[in-house]
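Enquirer: Here it is, the structure, as structure tokens.
Next up, the structure:
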């Protein structure tokens, strides 16, 4: 899982907003084979803690991808930490 966080890590020195960087990273991770299409993304909290951004930034990045139809949100009936 550590490698996955490295691939998702935004560049804090870039002029591109963090949420846009974070929104583009899952597609790249799928492209290089770190994730497979249909595999669950981390929870917002795990994502934000794993890459060192605020939960609001993670939420905004995921919401952008949902809006674009690239990912979908599914409410889990059970919580598995």
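Residue numbers (our numbering): 63 to 143. Glycine is no exception: its CB is placed at the ideal position from the N, C-alpha and C atoms. On a predicted model such as this, the values are computed, not experimentally measured, just so you know.
#1: Compare the Cα-Cα distances from residue 85 to each of 109, 137, 75 and 100 and report the closest residue.
#2: Would residue 115 and residue 80 be called neighbours here (beta carbons separated by less than 7 Å)?
#3: Between the Cα of residue 137 and those of 103, 93 and 89, spot the shortest distance and give me the residue it belongs to.
#4: For a minimum of 4 consecutive residues, which ranges assigned as the alpha helix (DSSP H) are wholly contained in the segment 64-127?
#5: State the Cα-Cα distance for the pair residue 72 and residue 106, rounded to the nearest angstrom.
Expert: Answer, in terms of the structure:
#1: Considering only 109, 137, 75 and 100, the residue with the shortest C-alpha distance to residue 85 is 109.
#2: yes
#3: When each option's Cα is compared against that of residue 137, the closest is 103.
#4: Listed in chain order, they are 64-70, 80-93 and 106-113.
#5: 15 Å
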